[in-house]
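The structure under discussion appears below in the form of structure tokens.
Numbering (the numbering used here), first residue to last: 339 to 1090.
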């Protein structure tokens, strides 16, 4: 009896709620499941690392590509592997392999989607349909050291053009394996002119190449005419940027060469690096989905913005003691925009596309990097740290320095709030066990002046400030609200330096925790188990909340409703109808402990909490969630550490620094994954066939081989662990079975 399987894949779209497609698969006699603005000078990204412990053959990675189905192929100094997002499958390394692939490996996807593997002994093809290796040709010489054979490309006839160190470029017939006489790129004919060749074949059937001996070469595959340009250029890397412009590395510089006009531009990309110097040779060039160039060097990775002419260091971080790698040999951008970096000795790195949407500002120091307040002005990001001063970052130049205007250590206290107080002035609310003080900080001189004496001279009856919820809220008239004891004050700072204080209200022993002025002029003030609001010329009104509720933040939505962030979730207050709604863990939020609320330019509401950030899409009326895997500083954020930045930026601070992002650039990942069976087992024994598992469409088995299991993967690598799957065996399962992120299913004792 034939059984039909229908399988459905649900793809977690970059941490958004399931967005995907249905895939129907029909197989006979078995149950098969198939699923389917300006760069900163120091960009600190969170890379995922893969080494020998994770399944790589070796930790020196020389080549990375992606095949048509979505598998990532990795060539190392000891063979190659295919990666499905969860594990590495060695290619040509097991005992049953017909061809042993050892030594430095270079990979290339041919015109049919098969994988060409160049290594020291020759060229082998991996046929994706059969999963078998086929030898194309053998080389009669071994490759010295770490200089390896490199496939440049294929011509229109299917011939393979390969660069051999010390020999030149040869043409290999892909059917017979016959090799042509070498094409030398050396003017003298000496072997050193043919070392470390980089190149490609364009649509016009021109082979463009460069090498260390000097010059850019163009070889017409039809006319067999070779031309040489810029003889002084010495290069490891070349990349076509479009149909007419190529990027050529020239030691520590970059040349943009027009293949139509033969004109060029020299970019001294590492000039003006404030004493940091040139990082050495550019070994590889990769263009990401945003058009920026990733430059691999012996001393790290650099990101170059062609449009702005700006280079930035890519700071590498991972949650372990090792925080850096230097020798980056190759880089590759997959179809989803994830960047893969191969290093010399430190394995393979993946920078997920989603982690690049959130800029991360953190300067590690002995005092820690827990952020309690954040502020942005003139491209400067001020990060108020817990008992560790204020770190200052420039959006493009990175960390500028630390200021400790109040001393050092616990006695210096903590800047819990910051607000704009003038063109060059920032008001800071600093507290420690002995003092709770207001300071005017001059961003030019970096001096801080206390305002305590001026406040007490205006209100001599004030005692010690016992308010434990310091905040600063800037109003439309540029005055700033702040709490003192159980009172709410406003302060007006004039450009002359004169300061005037006004008492807004005394709350008679009830502490106030936050405040907001909304568009209609109404003022909201938070407290315990309640909040207050007041319209101009009217009395204060009180709104009760459930017992145990602490109000931490307010935000006004475009419809005029007030979002109230508390430690028990979000309350939405309609002041016109006097109605209230609630969001919590049971109806959309992953966490109830809300720290900050901000509205973006699209009208969506962003909330920080202990499970990351959540965005409420006003039009779609649903939450989308982001966490550490998306590039956040941590899943845990902090009270008061949120603010609006410039040009629509939002800032949220937490226990490991500040995230700055532009919400209109947080776009959905629209790449729908190819869905593949990665293994089939019969009674737990691996099923072998002349067809690769991902291409098997039917199985015919004896009646007593009726225990089957399947492993599968959605080949989209942004957040592999968060892709979701569902499956159904018709005739056995009554409906779709939600497998979550589990990639394995077993059907024992199937009836024939």
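Here a beta-carbon is modelled for each residue, glycine too, at the ideal position from N, C-alpha and C.
Residue 599 has its alpha-carbon roughly 20 Å from the corresponding atom of residue 559. For residue 793, no beta strand (DSSP E) segment is defined; the enclosing uninterrupted segment is the alpha helix (DSSP H) at 790-796. Inter-segment contact for the region 976-989 and the region 1006-1018 is absent: fewer than three beta-carbon pairs are separated by less than 8 Å.
Proximity of the region 696-710 to the region 988-1003 meets the contact definition, three or more beta-carbon pairs being nearer than 8 Å. Under DSSP, the beta-bridge partners assigned to residue 698 are 997. Within the DSSP secondary-structure output, residue 1047 pairs in a beta bridge with 1019 and 1084.
Assignment of beta-bridge partners to residue 682 by DSSP yields 398. One Cα belongs to residue 842, the other to residue 828, and the distance between them is close to 7 Å. The beta carbon of residue 917 sits closer than 6 Å to no other beta carbon from its chain once the five residues preceding and following it are set aside. The criterion of a C-beta distance shorter than 8 Å is not satisfied by residue 970 and residue 720. For the 8 Å CB-CB criterion, residue 1087 and residue 1045 form a contact. For the beta strand (DSSP E) assignment, the uninterrupted runs of no fewer than 3 residues enclosed by the region 730-809 are, from N- to C-terminal side, 736-741, 752-758, 763-769, 774-780 and 786-788. In this structure, the CA atom of residue 668 is about 24 Å from the CA atom of residue 603. Beta bridge pairing from DSSP links residue 1034 with no other residue. The beta carbons of residue 713 and residue 981 sit closer together than 8 Å. Between residue 607 and residue 642, the gap from beta carbon to beta carbon is short of 8 Å.
For residue 932 against residue 904, the beta-carbon gap comes to about 6 Å, under 8 Å, which counts as contact. Contiguous beta strand (DSSP E) elements confined to the region 449-514 occur at 453-457, 460-465, 470-476, 488-492, 498-502 and 506-510, taking only those with 3 or more residues.
Looking at the DSSP output, residue 838 shares a beta bridge with 830. Within its own chain, the residues whose Cβ lies closer than 8 Å to the Cβ of residue 1080, once the five positions on either side in sequence are excluded, are 1063, listed in chain order. DSSP places residue 963 in the strand class (E or B) of the three-state scheme. Spatial neighbours of residue 570 in its own chain (CB-CB distance under 7 Å, excluding positions within 5 residues in sequence) are listed in chain order as 552. At least 8 Å separates the beta-carbon of residue 881 from that of residue 892.
Between residue 507 and residue 547, the gap from beta carbon to beta carbon is short of 8 Å. Only exposed fits residue 914, as fewer than 16 other CB atoms lie within 10 angstroms of its CB. For residue 691, the number of other beta carbons within 10 angstroms of its own is at least 16, and it is reported as buried. Residue 670 has 678 as its beta-bridge partners, per DSSP. Closest option to residue 826, judged by alpha-carbon separation, among 833, 862 and 858: 862.
Residue 517 counts as buried, since no fewer than 16 other beta carbons sit within 10 angstroms of its beta carbon.
Listed in chain order, the non-local C-beta contacts of residue 804 below 7 Å within the same chain comprise 823, local neighbours out to five positions each way being set aside. Straight through space, the alpha carbons of residue 939 and residue 1033 are spaced by roughly 46 Å. Bridge pairing for residue 649: 642 [DSSP].
When only Cα atoms are considered, residue 463 and residue 453 end up about 6 Å apart. Pairing residue 800 with residue 789 gives a Cβ-Cβ distance that is not under 8 Å. Under DSSP, residue 588 takes part in a beta bridge, and its partners are 591.
Between residue 908 and the set 960, 899, 930 and 868, the nearest pair of CA atoms involves 930.
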